[in-house]
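The opening residue of the sequence shown carries number 4 in this note's numbering; numbering runs sequentially from there. Below is one structure, written out as structure tokens; comments come after it.
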Amino acid sequence: MPSPRASRFFEQVDQAEFAFCRSINRSLRFRPVLMWFQVISRLGDGWLWYGLILALPLLYPREGLAVALLMTAAGLSCTLTYKLLKRFLVRERPFISFPTIHCGTQPLDRYSFPSGHTLHAVCFTTVLAMSLPAIALLVLPFTLMVAASRVVLGLHYPSDVFAGAVIGFVIGLLTMTGGAEPLLAMFAEPG
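In structure tokens form, the structure reads like this:
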């Protein structure tokens, strides 16, 4: 159950962000834009990340498995975090609160704060940046497009995306500084 204070806060922020959300969301009138961001959003559901996690041990035989395990642990932490926050903060999605905002794709759940897609994308990119920087550079454009897709498709406010990015970065950083070094060293040593 959301607190009345959180509900009032989100109502004020929603009003402040509405005009920006509506103007960005208008780009969905162009079918190629809609289709592009729908594909990005679908891949951001986890499909790209699952594929990458499975591919890392093959691409990097020495440290790939360790990085894949770290990404898996970080991903589970992200899921738990954003589900708990959504359950307690209960912020309606823009297309629910404002009927002039078009929903460009089916959401995975009802509430918007924080953006789980952005949270996961930034977390995984952070883990990769600290372990396999070349791969992080390759996925960074995708991460940015995932974040943009959430607002363009009418599923999130910019503050949802920003909060998801901050939380994802922190979880990624904690994953890499909280015991990742021994795991990476164990797999990186010649055997």
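By construction, the Cβ of each residue, glycine as well, lies at the ideal position given by its N, Cα and C atoms.
Next on the checklist: Below 8 Å, how does it come out for the stretch 139-153 and the stretch 73-88: are there three or more Cβ pairs, yes or no?
Outcome noted: The stretch 139-153 makes no contact with the stretch 73-88; the number of CB pairs closer than 8 Å stays below 3.
Checklist entry - CA-CA distance, Cys3 and Ser162? => result With the chain represented from 4 up to 194, any question about residue 3 goes unanswered, as that position is not in the structure.
Checklist entry - In this structure, does DSSP put Tyr63 in helix, strand or coil? => result Indexing the sequence shown from 1 puts residue 63 at position 60. It is coil, neither helix nor strand.
Checklist entry - Can you give the beta carbon distance from Leu158 to Pro110, rounded, assuming they're within the 8 Å contact cut? => result Locating residue 158 in the sequence shown gives position 155, counting from the first residue. Locating residue 110 in the sequence shown gives position 107, counting from the first residue. At roughly 5 Å, the Cβ-Cβ gap stays under 8 Å, so Leu158 and Pro110 are in contact.
Item to check | Residue from Met179, Tyr160 and Val149 with nearest C-alpha to Ile43 | outcome: Here residue 43 refers to the residue found at position 40 of the sequence shown. Comparing Cα-Cα distances from Ile43 to each of Met179, Tyr160 and Val149, the minimum goes to Val149.
Item to check | Minimum C-alpha distance to Gly171 - residue among Phe21, Ala137, Leu140 and Leu83 | outcome: Residue 171 sits at position 168 when you count from the first residue of the sequence shown. The option with the nearest alpha carbon to Gly171 is Leu83.
Item to check | Own chain, CB closer than 6 Å to Ile27, minus 5 neighbours either side, in chain order | outcome: Locating residue 27 in the sequence shown gives position 24, counting from the first residue. Within the same chain, Ile27 has close Cβ partners Val154 and Val155.
Checklist entry - In whole angstroms, what separates the C-alpha of Gly197 from that of Gly47? => result Since the displayed the chain opens at 4 and closes at 194, residue 197 lies outside it and no answer follows.
Item to check | Residue nearest to Leu92 in terms of C-alpha spacing, selected from Arg11, Thr180 and Leu61 | outcome: Position 89 of the sequence shown, counted from the first residue, corresponds to residue 92. Of Arg11, Thr180 and Leu61, the residue nearest in Cα terms is Arg11.
Item to check | Residue range of the unbroken alpha helix (DSSP H) whose run includes Phe98 | outcome: Taking the sequence shown and counting its residues from 1, one reaches residue 98 at position 95. Where Phe98 is concerned, the enclosing alpha helix (DSSP H) stretches over Pro97 to Ser100.
Item to check | Nearest neighbour of Leu177, chosen from Leu57, Ile99, Glu20 and Phe127 [CA to CA] | outcome: For the purposes of this step, residue 177 is identified with residue 174 of the sequence shown, where counting begins at 1. Comparing C-alpha distances from Leu177 to each of Leu57, Ile99, Glu20 and Phe127 shows the shortest one belongs to Phe127.
Next on the checklist: Cutting at 8 Å between CB atoms, please list the residues of its own chain near Met179, excluding the five before and the five after it.
Outcome noted: On the sequence shown, position 176 is the one that residue 179 refers to. Taken in chain order, the residues that qualify are Leu73, Thr129, Val130, Met133 and Ser134.
Checklist entry - Among Tyr160, Gly167 and Ile138, which residue has its Cα nearest to the Cα of Ile56? => result Position 53 of the sequence shown, counted from the start, is the residue given in the question as residue 56. Taking only the C-alpha atoms, the option nearest Ile56 is Ile138.
Item to check | Cutoff 8 Å; reference Tyr63; Cβ partners in own chain excluding five residues on either side | outcome: Within the sequence shown, the letter at position 60 stands for residue 63. Counting only Cβ-Cβ distances below 8 Å, and skipping sequence neighbours, we find Val70 and Leu135.
Checklist entry - Rounded to the nearest angstrom, how far is the Cβ of Arg25 from that of Thr103, given a contact under 8 Å? => result On the sequence shown, position 22 is the one that residue 25 refers to. On the sequence shown, position 100 is the one that residue 103 refers to. With 8 Å as the limit, Arg25 and Thr103 qualify as a contact, their Cβ atoms being about 6 Å apart.
Checklist entry - Based on Cα-Cα distance, which residue from Val125, Gly54 and Phe98 lies nearest to Ser115? => result Locating residue 115 in the sequence shown gives position 112, counting from the first residue. Ser115 has its Cα closest to that of Phe98, out of Val125, Gly54 and Phe98.
Next on the checklist: If you measure between the beta carbons of Gly67 and Leu61, is that distance less than 8 Å?
Outcome noted: Mapped onto the sequence shown, residue 67 falls at position 64. Mapped onto the sequence shown, residue 61 falls at position 58. Yes, they are a contact pair.
Item to check | Neighbourhood of Gly194 by C-beta, 8 Å cutoff - its chain only, sequence neighbours within 5 removed | outcome: The sequence position of residue 194 within the sequence shown is 191, counting from 1. Low confidence applies here, because Gly194 scores a pLDDT of 47, under 50, leaving its location unreliable and the question unanswered by this model.
Checklist entry - Three-state secondary structure (DSSP) at Tyr53? => result To locate residue 53, count along the sequence shown from 1; it is residue 50. Annotated three-state conformation of Tyr53 is helix, per DSSP.
Item to check | Three-way DSSP call (helix, strand, coil) for Tyr85 in this model | outcome: As a position in the sequence shown, residue 85 is number 82, starting the count at 1. In this structure, Tyr85 counts as helix in the three-state DSSP scheme.
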